[in-house]
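>
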Amino acid sequence: MYKGIVAHLQHYIVNALEQTILLGQYNKADRCFNYTMMQPLNDIPCQHECKAGQYLHADNENRTFGCKDCPVNTFSTGGGLSVDGSFGQWLHALQNTSEFIVRTKFASKCYMYFWSNWIEEECLPCQVLNAGQYLSCGEASARETSVAHEIVFELFFYKKGKLSLIYRKDTVREIDGWMSGIFEIYIDQQLVFQDQNLDDDQIAWKSLEIDIEPGIHEVIISYQKYNSAQNSHQSLDIQELRLTGLEYADLECKPCEYGYSLPGSSQCSLCPKDTFLNPEQCVECPEGTFCAQGAVAINAADICTKKRECSLDEIPIILDQKCYQDERTLWSRNFTYDYSSVTEEVCGVIDSKKILTTQQMDCDSCEAGSIRVQEGNTSYCEPCYEGSYAADWMNKKCQDCQPGHYLEKGLFLSKFLNIPEEYGFSTNCRDKDGLKCKDSNGFLAKYNRGLIAGNREQEKTITQLNINVEIFENEDPLFQNQRFEIFYKLEKFSNSSLDYFNITVNKRRVLITKIILVGSKHHNMGATRCLKCPTVIFNVNKHFQSFFSDQAKSDTCRACPQKMTSTNGNDCVKCPEDRFSFGPGSLCFGCPENTYVSENQTHCVPNGHLLQLSKTQSAFNVQQPFVYHLSQFSSKLNNESNTDPNSADYRVCKGMGQFCQHGYFGPIYSNIKTAEDDYFFKNQFFVSPTALSDFWKISDIELELSQDDRNSFLHNSFIIGLYDQNAVEHYSTLQSPGLGDKCPSNLQGKNQRIVKSLGTNIRSISIQDNAFTVHYNHGDLCFYDQNQKRFQSEIKFVCDHNEDEGWPILIKPKTQDALCNVQFVWKSKYACRQCFISEVSSLKGPCIAGERKVQLQATNECLLYSQSYLDDMSKMEHQPIDYHSEQVNQTLALKSYAQSCSFMDNYRDNRHIITIVFVSCGSAIFLIFLSIILIFRYKKFKYIYYEKVELLKSKDTHRNNFQTIDF
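Put into structure tokens, the structure is as follows:
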């Protein structure tokens, strides 16, 4: 900034010195008569101002100074700079060493919007076109994103000045409502001017002036558009730019190079059409000849050419509104050619006398919506009265519109006495250089035939019919049709280009015979159709809708109240108890399997226990029931919620603390490593799998939303997304000005998050062998698709014995279209289905007091639950269609249970073991008995043995008593 101030002060000092030297000069011719050198003229205030058209003049002889008017064919800006494309000055002005570049520090830049950043790629800075006639901004190769072009000036204003522009620009409304083609001017980062109007003639030039206070200022001229294939032609063109206030006064007047000016002029002017500059004044072409604006020549013969005589088709007519019947009972109407209204831009009326007489044409039909009324020998067209309609000219009277119907009004144009400018129509023709065509001013209106283009135009010209109208969207609770139709004939077309709001003809010839436009504020006649109120119609904002009309002569249909629908268009009936509706006008819908209608009939509620019969039959020729217990993933806690997984009141939410509060699990982030610019995974999500929850309880704490922000999303939702501002900006067709440090106005809360509902209803529940998926729909409008459809979402619960409660994980979308369908995967052992009896192995306990405990062991594809789950399932108010209590109880296995028993039951179940035990015990007893017998026998034999041994010893001792012992 300080360097800029020093540079401007240096420039000011140099100019002051030049001014002093100039004022001190004396006439060289005077030196021959006066040899005394004049002294410089002192005490001239540096702040002496001269206005535009004047210069600071010094009278050396009289020793005076003051402001003096510029002479003829010269001009001054009063201390500033100007670039006028009418004289082709843009080529010289943008040369590197030009005064304009040096003094303004001119810079031209362009950007494409890529995620959160504006980058200088895939676009071209503003370019000089048409031999310096204008500076054009808008060229870019980037597609389906926003591009911005900037022109930047750094200026020092010595006095109060102005920025003046003559420009034209293209602006269209995108399908999501955003404007593409926004022209803005910033001074010191403050927006001072904006033009995003649609009602522009795209070939007409517009002007603006902005006051600028003294001092150093940065001025930015910006043009931003959404650069799709359809918008690639959009541009901002600047024909003239003037900056005043850069000096206190001009010291001299600049000559007009290709134009003229009167004394005291602030700018040069081109000679008007049909005149030429010779050499210091504009001279008219001879009668019957013409030349273009700004022509320069010495002789008229060098530049003026003979005008083409207008054809009768090019001369407007004055038409009598009444038809007359002659003596032969033939009807006709009078008309005259209005040669005085011929603009003579492209042709001239050479001999007007031959077309002054009144002529006649056949009496034609009336426009749709009107009938012909006869009064004696005259007739005229009259619009149908209020509440009636006439479909075409064949109708001799208007008909009343009956209940259950509505009247369609609009523009029904087929006569085309002229271009209907009163309804927003305009036309133009451009040559290959983008200038007005010499032989055509656009489509030509030919009464009772249509709008014609291609007869007058040269090759490589573009003829446009612009229709700038606003189509009104239906506002609750009313309905009115909207349509736009063009009927045309093409001749010798190889590549026609016709679209609804900018009809462009660039080949041969076209005849537009009829234009119908319904849904705007305009209508030229009465109603043309009586249409039945739609009982089924799709609207992206309200889903499917139903309307009715219970009154005759109605212009609109009304939406049925919530919980009601119309089947015939005449009245509304209440939705059945097993049906729901999203809101007023919504149809009545049934809920999918494993869900039921909420008490207020606004959405579907899932069953706590899901059931689906298998597609294949078991060995017993019975379809097995797949049962999942979704109630465990409820985020609604109460005093009855249990921490015991064996209880049907168990909730995984119970142990998650702050990550399951106010009815939501969250916040949920991505655990996938992605590129830094992948803003989809910088978002946050909250899920309530089994019931609608109020997100206001969280947003009021975390986001500090205003009342408008609180009402901008569906707060009662199953799933909520908090989207990063960059994600929303990237997919919007309008990005905030990325060149200043500004926060977009559409952000919500201190965290700069935009809240969106991803689902307020359960669309379906699909069940697989080892998983089940809950699909949610009817969320908020999806900005990823320019609000053309609503957000949807789904949670896939996957059986995984390695996870206890688990946690929902965001899945990265595989395609662009999938961004509006947000997907989560939740792995948990509680997502496993309940096991079949055939899938488990059991371990029975002993029979004690007539009862024993049975323990089961499951496979990895299922989980064992207690009897309380099945008991709770049997008590559900809304049972699944395929639910049969006996089948479920007989088929599904329980985690553990007690079984009554008797001795015989115990023996039957364990007879082999008991037999072995009995045999073993009997054998043991026999062996013990045998051992005892053997031991006694052994002792007896031992006793006898020792007894006999003792007897022998006794015999040896007493030999005299010897005797024989027998064994």
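Residue 1122 in my numbering sits at position 573 of the sequence shown; the count goes up by one each step and never skips. All residues carry an ideal CB built from backbone N, CA and C; glycine is no exception.
(1) Taking DSSP as the reference, what is the three-state secondary structure of residue 1496?
(2) By DSSP, does residue 1041 sit in helix, in strand, or in coil?
(3) Note down, in chain order, each residue of its chain lying with its Cβ closer than 8 Å to the Cβ of residue 649, except the 5 sequence neighbours on either side.
(4) Excluding sequence positions up to five away, which residues of its chain have a Cβ less than 7 Å from the Cβ of residue 1181?
(5) Would the segment 785–795 and the segment 680–688 be scored as touching if the rule is three or more Cβ pairs under 8 Å?
(6) Within its chain, find whatever has a CB closer than 8 Å to the CB of residue 571; leave out the 5 residues flanking it on each side and keep chain order.
(7) Go to residue 1310, then tell me how far its alpha helix (DSSP H) extends in each direction, as first and last residue.
(8) Which residue or residues does DSSP assign as beta-bridge partners of residue 880?
(9) Can you have a look at residue 826 and say buried or exposed, based on whether 16 or more other CB atoms are within 10 angstroms of its CB?
(10) Roughly how many angstroms lie between the CA atoms of residue 1497 and residue 1465, to the nearest whole one?
(11) Going by the C-beta, is residue 1151 closer than 7 Å to any heavy atom of the ligand NAD?
(12) Go through its chain and collect everything with a Cβ distance to residue 582's Cβ below 6 Å, but skip five positions before and after it.
(13) Using C-beta distances below 7 Å, list every residue in its chain close to residue 941, excluding the 5 sequence neighbours before and after it, in chain order.
(14) Helix, strand or coil for residue 1471? Go by DSSP, reduced to three states.
(15) I'd like the ranges of any beta strand (DSSP E) spanning at least 3 consecutive residues and lying wholly in the segment 576–663.
(16) Once you ignore the five residues that flank residue 823 on each side, which residues in its own chain have a CB closer than 7 Å to its CB?
(17) Whose CA, out of 770, 1011, 1085, lies closest to the CA of residue 743?
(18) Could you check whether the segment 1136–1144 touches the segment 1250–1257, counting it as contact only if at least three pairs of C-beta atoms, one from each stretch, sit closer than 8 Å?
(19) Residues in its own chain within less than 6 Å of residue 1118 by CB, not counting five upstream and five downstream?
(20) Roughly how many angstroms separate the alpha carbons of residue 1412 and residue 1346, rounded to a whole number?
(21) So what does DSSP say about residue 760, is it helix, strand or coil?
(22) Taking the alpha carbon of residue 1245 as the point to measure from, which residue in 978, 1270, 1423 has its own alpha carbon closest?
(23) What would DSSP say about residue 962, mapped onto helix, strand or coil?
(24) In the DSSP output, what is residue 1005 paired with across the bridge?
(25) Under the rule that 16 or more other beta-carbon atoms within 10 Å means buried, what is residue 1340, buried or exposed?
(26) Which residues in the same chain as residue 1415 place their Cβ atom closer than 8 Å to its Cβ, once the five residues preceding and following it in sequence are excluded?
(27) Assign residue 524 to buried or exposed, taking buried as 16 or more other Cβ atoms, counted over all protein chains shown, within 10 Å of its Cβ.
(28) Could you tell me the distance, in whole angstroms, from the CA atom of residue 946 to the CA atom of residue 882?
(29) Beta strand (DSSP E) containing residue 1013: first to last residue?
(30) In the DSSP assignment, the beta strand (DSSP E) including residue 1402 goes from what residue to what residue?
(31) The beta strand (DSSP E) spanning residue 754 covers which residue range?
(32) Just curious, the beta strand (DSSP E) that residue 786 is in, first and last residue?
(33) Just the Cα atoms here: how many angstroms apart are residue 1310 and residue 1147?
(34) Just the Cα atoms here: how many angstroms apart are residue 778 and residue 974?
(35) Please say whether residue 707 and residue 794 have beta carbons closer to each other than 8 Å?
(36) Does residue 1438 come out as helix, strand or coil in the three-state DSSP assignment?
Looking at the atomic coordinates:
(1) Correct three-state label for residue 1496: helix.
(2) Only weak support exists for where residue 1041 lies, its pLDDT of 46 falling under 50; the coordinates are left without a value.
(3) 630, 632, 642, 643, 655
(4) 1199, 1200, 1201, 1379
(5) yes
(6) Here residue 571 scores only 42 on pLDDT, less than 50, and its place in the model is too uncertain to base an answer on.
(7) Run containing residue 1310: none in the alpha helix (DSSP H); it sits in the beta strand (DSSP E), 1310–1316.
(8) 874
(9) buried
(10) Roughly 47 Å between the two C-alpha positions.
(11) This structure lacks the ligand NAD; in fact it carries no ligand of any kind.
(12) Residue confidence is low: residue 582 scores 47 on pLDDT, short of 50, so the model does not pin down where it sits. Its coordinate-derived value is still stated next. Here the set comprises nothing.
(13) Sequence-distant Cβ neighbours of residue 941 in its own chain, meaning closer than 7 Å and more than five residues away, are 917.
(14) In the three-state scheme derived from DSSP, where H, G and I count as helix and E and B as strand, residue 1471 is classed as helix.
(15) Runs found: 603–608, 613–618, 629–633, 656–663.
(16) 833, 834, 839, 840
(17) 770
(18) no
(19) 953, 1081, 1082, 1084, 1097
(20) 14 Å
(21) strand
(22) 1270
(23) strand
(24) Answer is none; residue 1005 lacks a bridge partner.
(25) buried
(26) 1195, 1196, 1197, 1443, 1444, 1445
(27) Missing from the structure shown is residue 524; the chain here goes from 550 to 1516 and no further.
(28) Residue 946 and residue 882: Cα-Cα distance of roughly 22 Å.
(29) 1011–1016
(30) 1400–1406
(31) Looking at the DSSP string, residue 754 is not in any beta strand (DSSP E), and its letter there is neither H nor E.
(32) Run containing residue 786: 785–793, per the beta strand (DSSP E) assignment.
(33) 10 Å
(34) Rounded to the nearest whole angstrom, the C-alpha separation of residue 778 and residue 974 is 25 Å.
(35) yes
(36) Note: residue 1438 maps to helix in three-state DSSP.
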